[in-house]
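Trainee: The structure is given below, and queries will be raised subsequently.
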Amino acid sequence: MRYSGLRLLTQAFAGNTGWKPAWRDTAPKSSYDVVIVGGGGHGLATAYYLAREHGITNVAVLERGRIGLGNTGRNTTIIRSNYLLPENHNFYEWSLKLWEGLEQDLNYNAMVSQRGVLNLFHSDAARHAAARRGNAMRLDGIDAELLDRAQVAEFCPLIDLDNARFPVMGGLLQRRGGTARHDAVAWGFARAADRRGVDIIQECEVQGIETEGGRVTALRTSRGRIRAGRVGLAVAGSTSLLAGMAGFEVPIESHVLQAFVSEAVKPLVHAVITFGAGHFYISQSDKGGLVFGGGLDGWNSYAQRGNLPAVEHVFAAGVAMMPALSRLRALRSWGGMMDMTPDGSPIIGLTPIQGLTMTGGWCYGGFKATPGSGWCHAWTIAKGEPHPLNAAFTLDRFRQGRLLDERGAGPFAWAQ
Amino acid sequence: MSQPFRTAAGGHVDRAATLEFRFDGRALQGHPGDTLASALLANGVRLVGRSFKLHRPRGIFSAGVEEPNALAELRTGARREPNTRMTAIELHAGLEAASQNRFPSLRWDLMSLVGLLGPVLSAGFYYKTFMWPASFWERVYEPRIRAAAGLGRPATAPDPDHYEAMHVHCDVLVVGGGPAGLAAARAAGAAGARVMLCEQDFLFGGGLLLEPAQEAWRAETLAALATMPEVTLLPRTTVFGYYDANVLGAVERLADHLAEPPPHTPRQRYWTIRAGRVVLATGAHERLIAFPGNDRPGVMLAGAALAYLRRFGVRPGRRAVLFANNDAAYEAVFALQAAGLAVPGVVDARPDSAGIAAARARGIAVWAGAEVCGTAGGATLRGVRVRHRGGTGTDTLLACDLLCISGGINPAVHLASQSGTPLHWNERLAAHVPGAPVQAQLSVGAAAGVTGIAAAAADGARAGGGGIPLPDGPAQDATVAPIWEVRGRGKAFVDLQDDVTADDIRLAHREGFGHIEHAKRYTTHAMGTDQGKTGGLVGAAVLAAARGVPVESVGLPTFRPFATPVTWGAIAGHHVGRAYAPERRTPLHDWHLRHAAEFVEAGHWLRPAYYPGASDGDVWDSVLREARAVRRDVGICDVSTLGKIDVQGADAADFLDRVYANTLSTLPPGRARYGLMLREDGIAFDDGTVARLTPDRFLLSTTTANAAAVLAHLEFHLQTAWPELDVALASVTDQWAAMSVAGPRSRETLAPLIEGLDLSNDAFPFMAVADAVLNDGRGEICPVRLFRISFSGELAYEVATPAGHAEAVWKAILRAGAEFGIIPYGTEALGLLRIEKGHVAGAELNGQTTAADLGLARLCKKRGDYIGRALAQRPGLADPARPALVGLRPLHRSDRLRAGAHLVLPGGSDSLGWISSVTRGVALEGWIGLGFLRGGLGRAGTPLHAAFPLLGEAVEVEVVSPHFFDPENQRVRD
Amino acid sequence: MSATEPHPWLAGALVPGRFGAAAGEPVRLGTRACELVQVLARRDGDAALQAAIRAAGGPDLPPPGHAAQGERMAALWTQPRGWLIQAGPDAGLARRLADACGPAAAVVEQTHGRCVFTLEGAHARAVLARLCRVDLHPRAFGPGRVAVTPLSEIAAVIHQTGAAPGFDIIVASSYARAVAGMLAAAAAPIGYQVGGDQMGGDQMGGDQMGGDRVD
Amino acid sequence: MIQIACPYCGPRDEAEFAYRGDATVHRPAEEAGFHDYVYARANPRGWHLEWWHHTGGCRAVLKVLRHTATHEVRAVGLPADRPEPPSA
Ligand SMILES: Cc1cc2nc3c(=O)[nH]c(=O)nc-3n(C[C@H](O)[C@H](O)[C@H](O)COP(=O)(O)OP(=O)(O)OC[C@H]3O[C@@H](n4cnc5c(N)ncnc54)[C@H](O)[C@@H]3O)c2cc1C
Ligand SMILES: NC(=O)c1ccc[n+]([C@@H]2O[C@H](COP(=O)([O-])OP(=O)(O)OC[C@H]3O[C@@H](n4cnc5c(N)ncnc54)[C@H](O)[C@@H]3O)[C@@H](O)[C@H]2O)c1
Ligand SMILES: Cc1cc2nc3c(=O)[nH]c(=O)nc-3n(C[C@H](O)[C@H](O)[C@H](O)COP(=O)(O)O)c2cc1C
Ligand SMILES: [Zn+2]
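So the sequences go chain by chain: V, U, G and B. Going by our numbering, the letters in the first sequence line up with residues 1 to 416, in that order. Going by our numbering, the letters in the second sequence line up with residues 1 to 974, in that order. Going by our numbering, the letters in the third sequence line up with residues 1 to 215, in that order. Going by our numbering, the letters in the fourth sequence line up with residues 1 to 88, in that order.
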């Protein structure tokens, strides 16, 4: 059923009783050409692009709970491609390009809102790093602007330029960056994949991965054994567990990251703003809630909740950046399981097991990668080798020393 | 008449005092003890707000924090606060409140026209539209949606108030000061425990405040608690979150009941409570019933109506009807009747009950087995439509201006659930109650489904250890015959705040969003400021019916902090403004201040960046002047911020060989050496000097920013990897002030001051270290430690002295150097000098570069293990094609270099590297820079561009040695 | 601190007078001039270190979480096999201990590296509760007890010196100014007195925070 | 908020500590082991043996047995201690 303004009207007059499920809730078949594990944005996007780009439609997405309730449903929705290293910004730029046409492509309004992402800096050193990044982007044809103080003030008057401790020196702005409605991304991909024949199987937990002669053959799930020609993992914070089932190790730690939303208020923050003197970022949802977050709690966790010290840091940084936030009220907090890699960049590609591919290691930033990751992962599955866009994101780059460390933080951020 | 709905007597308001306040500009009066809501009702104000999406008229629905409708903007200007719940705002004199989400006025809200689009604005409609043309989303649709959404208007100016934090430990934390909580606190207190009792309301009592007969017990209990020294009573304190290890967060409102906080009083206080045991006595929330028009002002929870009457002395209407499915709710209508309200009828979903009989006995007409299927009126209620359940018969209009509803109660299990306690379905209440706790915690009273004041108090007392006087009173029967929804024409709301109707829930289910978490996100059910406290379960029940499963199998969305919304500033506390991060100052800070230094922050430290001179036109004038003085004569720089670690022990030398990439064990006592540390992954970590004071004692210096990380790194390895080593580590960063005296005249400057040490080149050569005494000639004899080390490339000494002597030493050196023109220089000139010299610093040691990248490979030990050695040999890091350190100069000397530029072939856009640091030179003309370049110095002679597309610039540059100045390193040795 | 003026970091920071809330009994906030030496037992040096301390007029080295007062110096436990030795000003402590300990211990002068604040009065605990995460309640803490724990986020050693109660708060010198501000801000809602008994009224001096002055 | 009972200092908030990750790996003697030492870290959903450095207190590096889903701390020891995960 295609969505359109006309259909909305006719349905309204029919009491909205004619709408059909956005995707079929199917039971698993005994065998598929490709099985994707993980019904988050990445898994659903992989399935969608497998069908759309490669004509592979005998595909199942297995989700242990309900789709989109993992990190896809609990992130701060920032999309951007303002990365320093070419491997990263070229990949994320491709993802951003896919975002730009996504809604028409999916026939689903994921509310992609290119309202701009502004990263503030507060020191010469940080300005130089921002310039290095912005120039790298511009050389590769990606939009970036360096704002001075006056331009920052104009772009977002709420920012306290003269923060008594860390005055703002300027910011790096990517106007094409912004936000997207997180849940709608999962739902839109699910619906579009379903329309191309993909089976979306919920409440189906993968509990074992069977291999034969180093090749993946089947999955043991809470809903029975499912044979699979190829298997793609897209399970974010659970990547270590799934890799363990297949018998290989991934250099990933699962950490908790909290996020927050304030009570809804009239439009106040019109772009995505990040603080440079503390870990803090904020935007405002279309509903009016300020969606914000900061750094990791700093220890391994599989619980989707965090603790007060991280909460305190986030709130203090928020008031430091925008003193007017002080009287607003925080409504809700939650946590997500971050798949942290030692260099902060993802892993998309082959694994030591033949026929088994993965996309993971998203750290803080995999939501924006959703279309790009799905697209590259689908390519890798279909062709049996990575696309040039994800060729650098290998699992063995740590053994090779070909690190993609954007921030220079070194293995595992907590070690700093 | 003022306050026409106020009763003559009774309740917890002080009628003797009058408080003036304003609502939407209208002057009104209330009394101490009122909430804004009770005062508005006393004045007959019933329309108080507009709903979120459809802008429907809304009235006061509850009498507590669960309020979905009655939200106001409170105060004005920088203190304006949107979305405050009128039902929880303590009235104060001069209070200013305004309704929100309406234009131009509450009664005539143009936005209510969107209501006409009602059927189109079904749940999730926006996912299906607004996609054409693509560019219209940001430009047209989204701005309109955003402007229409959001409730109140936030302040945009900095908050004038301040906040503070408090840490506390207790044996027993009691949350909630109703009968259960008061009894628990008293019993635990009587047993001698350290008790905290937090009550979000400004009065203790909870349900007791509605029971005049229990007032004596309440007063006596409070008096007893007040005498217990280990019991802390915290009214106006909301426990907002239950975290791991029995740690809870709470916010106390110290001044929200005042127009503004008195001097020195924080507005709110954020408590971190570490509790041995937690007693959750958080009571229960009455829930709504979904029926068409259930949002019309005048529809109110039955318990709320009772609260307005009994606690606040306000008649919430003139003609009241009750619609309920349980007996407990009847108390409200009986009390209203007794207070003189007409009660034209009671509508009960059940065919029969004790309550129904009691009502009939009071002469009230009862529609048993009936339901309310609609409401009449405009912006306020004029009547309700009643019909028999299941029947097809016509409905009857009952005229009334107040409809009390009660769908039963939901125990307030928010905190219990956050603590990990599973929830179980209780058939009698048709609600979730806490199961077996996971942490040291217990729910009591209504929060555990134990209703009735006597029973709740007894339950609380048991949890506290018992042995206290208890109230007695009638048992309360809260058994419900579930009725969740009455279907009919019109909108039946399950979430009043977010305008979610029962139809929306069904639509979600129809479209495949039938899981509770999907339905929540698809419809925004229970996602408003009230988080669905009154309607959340009702929505779940509607969903269950649509799915054809029992309610309990649908579950509830996850309970999360914050139990009720929490002020942002309260959590930020004192960490605002200057105190956002603590400042570190050197002992010379005040001297720098007096000499007009401009400061720069580095790892919490404030360091002088430069000292603007009277005749300096801009920064560069100062920086070049300072640097020139060093190259030509002598300058002095405060380098106290460098990290300093004292390393002692028989194995100290061995240890340092393991943690530095270069060899230090061969360093003789009395000498210093440059040291480079790697991370275990082979990337450069930090650098500094290592001085050997005695065979088993070393002094390390670290960069300012990394001092703490280096110490932790050393401790970690010492304790976990090599515990057998005899090494003791102590940070002496603060003990020693340090100043760099640099320039060709530095020896002449220092020599006359130094006693006990011959500074001649032979006696005290480059890289020598020695202790001495500095005599300032004015009676100050200061111990000093001299290091002949240089960052500037000039003859230089680092003079360290115990920090208390810093200013005396500094001044003595300035006096002694005056004849040579000595001046202080800051970090800017320091940077200039080190770049000319080709020394790497933070911009080069950025966590991405290896020793080889930095041109320091030759330093690294060829033999033996050290941190980072193994992994630095990985092919990717050992790759000779990696960008390597080079010097850069603009071909046209007047061109400017910028850090952050990329190096490209002329006309190209492939980055071959980047510029990390730049400066204008003093030994060299024009700008110079350090950078990393693929091919490194091999590209010397190849023309390159430094591209800075952010500014549209590309500067022709030449590649040169990074050691621009004195590459033979002669000057430092002279 | 000997030789020059005490705590150059604090010049002008704590001005005598009474500040903050005017009602009720204020806490008293000040600094203590003393010598401080960090001693860390080296391999097999424990007994020799103990003997050296005792010989120098020090106490039996206290166990974790405790301080002990000797004839001429106090010892505060601060880390495994590590203590801060505290004596009056101008005692020449570091040299004496280094000589006495020899290779038994690393002896590190910290007189200039630390600043000692004093906080006294009935409400001293309430002030500390605003900054300190550990339990200082009399049932859990008391005279002679030491907690090594951050004050807000600044590393500190908190030593209860008296039952009144009174506390010594030892922090790195470079943070002294920041800590003075934190203590003042924490004490402002209660009211605090700096220096003797003279009343400074409600005006603010120096750059104490938490008074009227918005910093 | 995770509470870690430091054997020296007593129970303290997580905020006083610096987390240092997996405590089951040991710095190898052989070059070949370094990749695994740095990168192959246990990441279980369950009991996790991990380093917490008491940087805000006594500066001891502690070995802590903690559950990564419940955050319960079962044992705290010194580097030489070998706490065993509960069998359940
Ligand atoms: C608080 C927070 C804020 C963030 N902010 C941003 C941001 O602003 N911008 C940004 O770009 N990124 C952000 N991220 C990161 C981003 O959310 C994630 O990287 C991204 O959503 C990962 O998507 P995914 O599809 O891989 O994972 P998920 O959405 O987590 O999907 C993985 C799915 O796998 C399923 N699964 C796991 N194990 C099994 C199994 N055994 N069998 C079957 N199914 C299984 C899970 O149930 C889950 O649904 C944030 C993350 C968090 C937690
Ligand atoms: N007649 C009524 O409408 C009515 C209303 C409430 C209670 N009661 C009676 O009281 C009995 C229950 O007594 P009880 O003590 O269990 O409940 P209670 O409702 O009397 O008391 C609970 C108290 O906890 C407070 N509270 C809830 N969450 C809090 C939080 N997060 N932080 C701080 N405070 C919080 C509430 O403000 C309330 O005062 C009920 O069974 C009923 O008989 C009657
Ligand atoms: C971008 C974004 C906006 C959100 N806005 C709201 C909101 O307005 N109201 C609300 O109750 N929750 C909001 N949430 C939080 C969700 O209710 C939920 O807590 C979160 O998705 C995590 O799921 P969980 O709490 O069910 O584990 C928002 C979440 C995200 C990611
Ligand atoms: Zn400790």
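C-beta atoms are modelled at their ideal positions from N, C-alpha and C, and glycine is treated no differently. Only a predicted model underlies this, so the values are computations on that prediction, with no experimental measurement involved.
1. If you follow the alpha helix (DSSP H) that Leu-856/U is in, where does it begin and where does it stop?
2. Reducing DSSP to helix, strand and coil, say where Ala-370/U ends up.
3. Within the region 143-224 of chain V, note down every full beta strand (DSSP E) run reaching 3 residues or more, in order along the chain.
4. My guess is that Ala-980/U and Ala-447/U are in contact by the Cβ rule of under 8 Å, so how many angstroms apart are they, rounded?
5. For the region 152-165 of chain U, which residues have a beta carbon sitting closer than 7 Å to at least one beta carbon of chain G?
6. Locate the beta strand (DSSP E) running through Val-256/V, then write down its first and last residues.
7. Three or more beta-carbon pairs under 8 Å between the region 73-89 of chain G and the region 23-37 of chain G, yes or no?
8. Taking DSSP's pairing of strands, which residues face Asn-119/V in a bridge?
9. Using the beta-carbon of each residue, which ones in chain U are nearer than 8 Å to Leu-139/V?
10. For Ile-79/V, is the beta carbon positioned less than 7 Å from some heavy atom of ligand 1?
11. Which ranges would you report for the alpha helix (DSSP H) in the region 361-436 of chain U if only whole runs of at least 4 residues count?
12. Does Asp-734/U have its Cβ less than 8 Å from a Cβ in chain G?
13. Considering only residues of the same chain and omitting the five flanking positions on each side of Arg-253/U, which have a CB-CB separation below 7 Å?
14. Please specify which runs of the beta strand (DSSP E), each continuous and at least 3 residues long, are wholly inside the region 8-32 of chain U, giving them in chain order.
15. So, for Ala-264/V: in the same chain, excluding its five sequence neighbours on each side, which residues have a beta-carbon less than 6 Å away from its beta-carbon?
16. Does the beta carbon of Glu-63/V fall short of 7 Å from some heavy atom of ligand 3?
17. Identify, in the order they occur along the chain, each residue of the same chain with its Cβ nearer than 7 Å to the Cβ of Ala-218/V, setting aside the five sequence neighbours on each side.
18. Which of the three DSSP states, helix, strand or coil, is assigned to Lys-383/V?
19. Are the CB atoms of Ala-954/U and Ala-324/V nearer to each other than 8 Å?
20. In angstroms, rounded to a whole number, what distance separates the CA positions of Asp-646/U and Phe-698/U?
21. Per the contact definition of three or more C-beta pairs closer than 8 Å, is the region 13-23 of chain G in contact with the region 181-189 of chain G?
22. When the Cα atoms are used, what is the spatial distance from Leu-151/U to Gly-249/U?
23. In the region 55-80 of chain B, which residue ranges form an unbroken alpha helix (DSSP H) of at least 4 residues, counting only runs that do not cross its ends?
24. Between Ala-684/U and Ala-851/U, is the Cβ-Cβ spacing less than 8 Å?
25. Starting from the Cα of Gly-390/U, find the closest Cα among Ala-365/U, Cys-400/U, Ala-357/U and Arg-350/U and give me that residue.
26. My guess is that Val-957/U and Leu-944/U are in contact by the Cβ rule of under 8 Å, so how many angstroms apart are they, rounded?
27. Starting from Ala-808/U, follow its DSSP beta bridges and name the residues at the other end.
28. From the beta carbon of Asp-618/U, is the nearest beta carbon of chain G less than 8 Å away?
29. Using alpha carbons as the reference points, say which of Ala-376/U, Gly-688/U, His-589/U and Leu-258/U lies closest to Glu-90/U.
30. Please state whether DSSP places Trp-362/V in a helix, a strand or coil.
31. Can you find the residues in the same chain that come closer than 7 Å, C-beta to C-beta, to Gln-214/U, ignoring five residues on each side of it along the sequence?
32. Please report whether the beta-carbon of Pro-744/U lies at a distance below 8 Å from any beta-carbon of chain V.
Mentor: Inspection of the coordinates gives the following:
1. Numbered from 1 along the second sequence, position 856 holds the residue referred to as residue 856/U. Neither: Leu-856/U is in no alpha helix (DSSP H) and is coded neither H nor E.
2. Numbered from 1 along the second sequence, position 370 holds the residue referred to as residue 370/U. Strand at Ala-370/U.
3. Counting whole runs of 3 or more residues, the region 143-224 of chain V contains the beta strand (DSSP E) stretches 145-148, 170-174, 199-201, 206-212 and 215-221.
4. The displayed coordinates of chain U run from 1 to 974. Any statement about residue 980/U would go beyond what the structure contains.
5. Glu-164 and Ala-165
6. Here the question's residue 256/V lines up with position 256 in the first sequence. For Val-256/V, the uninterrupted beta strand (DSSP E) segment begins and ends at 253-264.
7. Contact between the region 73-89 of chain G and the region 23-37 of chain G is present, with at least three C-beta pairs closer than 8 Å.
8. Counting from one through the first sequence, the residue named residue 119/V turns up at place 119. According to DSSP, which records beta bridges pairwise, Asn-119/V is partnered with Leu-172/V and Thr-274/V.
9. The residue labelled residue 139/V in the question sits at position 139 within the first sequence. Within chain U, His-902, Val-904, Ser-909, Asp-910, Ser-911, Ala-947 and Pro-949 have C-beta atoms less than 8 Å from the C-beta of Leu-139/V, given in sequence order.
10. Locating residue 79/V in the first sequence gives position 79, counting from the first residue. Within the cutoff, so yes.
11. 414-418
12. As a first step, residue 734/U is located in the second sequence; it is residue number 734 there, counting from the start. So, interface residue.
13. The sequence position of residue 253/U within the second sequence is 253, counting from 1. Within the same chain, Arg-253/U has close Cβ partners Arg-236 and Gln-268.
14. Taking 3 residues as the shortest admissible run, the region 8-32 of chain U contains the following complete beta strand (DSSP E) segments, listed from N- to C-terminal end: 19-23 and 26-30.
15. Taking the first sequence and counting its residues from 1, one reaches residue 264/V at position 264. Contacts found: Lys-287, Gly-288 and Gly-289.
16. The count along the first sequence starts at 1 and reaches residue 63/V at position 63. No, ligand 3 has no heavy atom inside 7 Å of this Cβ.
17. As a working mapping, residue 218/V is identified with position 218 in the first sequence. Contacts found: Glu-210, Arg-225, Ile-226, Arg-227 and Ala-228.
18. The residue given as residue 383/V occupies position 383 in the first sequence. Three-state result, Lys-383/V: helix.
19. Mapped onto the second sequence, residue 954/U falls at position 954. Mapped onto the first sequence, residue 324/V falls at position 324. No, the pair does not count as a contact, with Cβ atoms beyond the cut-off.
20. Residue mapping note: residue 646/U aligns to position 646 of the second sequence, counting from 1. Residue mapping note: residue 698/U aligns to position 698 of the second sequence, counting from 1. Whole-angstrom Cα-Cα distance: 6 Å.
21. yes
22. Counting from one through the second sequence, the residue named residue 151/U turns up at place 151. Counting from one through the second sequence, the residue named residue 249/U turns up at place 249. The straight-line gap from Cα to Cα measures roughly 26 Å.
23. At a cut-off of 4 residues, not a single continuous stretch assigned as alpha helix (DSSP H) sits fully inside the region 55-80 of chain B.
24. Your numbering for residue 684/U matches position 684 in the second sequence. Your numbering for residue 851/U matches position 851 in the second sequence. For Ala-684/U and Ala-851/U, yes; Cβs fall inside 8 Å.
25. Here the question's residue 390/U lines up with position 390 in the second sequence. The shortest Cα separation from Gly-390/U among Ala-365/U, Cys-400/U, Ala-357/U and Arg-350/U belongs to Arg-350/U.
26. One-based indexing of the second sequence puts residue 957/U at position 957. One-based indexing of the second sequence puts residue 944/U at position 944. Going by Cβ atoms, the distance from Val-957/U to Leu-944/U rounds to 5 Å, so yes, they are a contact pair.
27. Residue numbering aside, residue 808/U sits at position 808 when the second sequence is read from its first letter. Here Ala-808/U is not bridged, per DSSP, to any residue.
28. Along the second sequence, one-based indexing puts residue 618/U at 618. No, its Cβ sits nowhere closer than 8 Å to a Cβ of chain G.
29. By one-based count along the second sequence, residue 90/U stands at place 90. Checked all of Ala-376/U, Gly-688/U, His-589/U and Leu-258/U; the closest Cα to Glu-90/U is Leu-258/U.
30. Here the question's residue 362/V lines up with position 362 in the first sequence. Reduced to three states, the DSSP call for Trp-362/V is coil.
31. As a working mapping, residue 214/U is identified with position 214 in the second sequence. Contacts found: Leu-208, Ile-453, Pro-471 and Gly-473.
32. Numbered from its first residue, the second sequence carries residue 744/U at position 744. With 8 Å as the cut-off, Pro-744/U does not count as an interface residue toward chain V.
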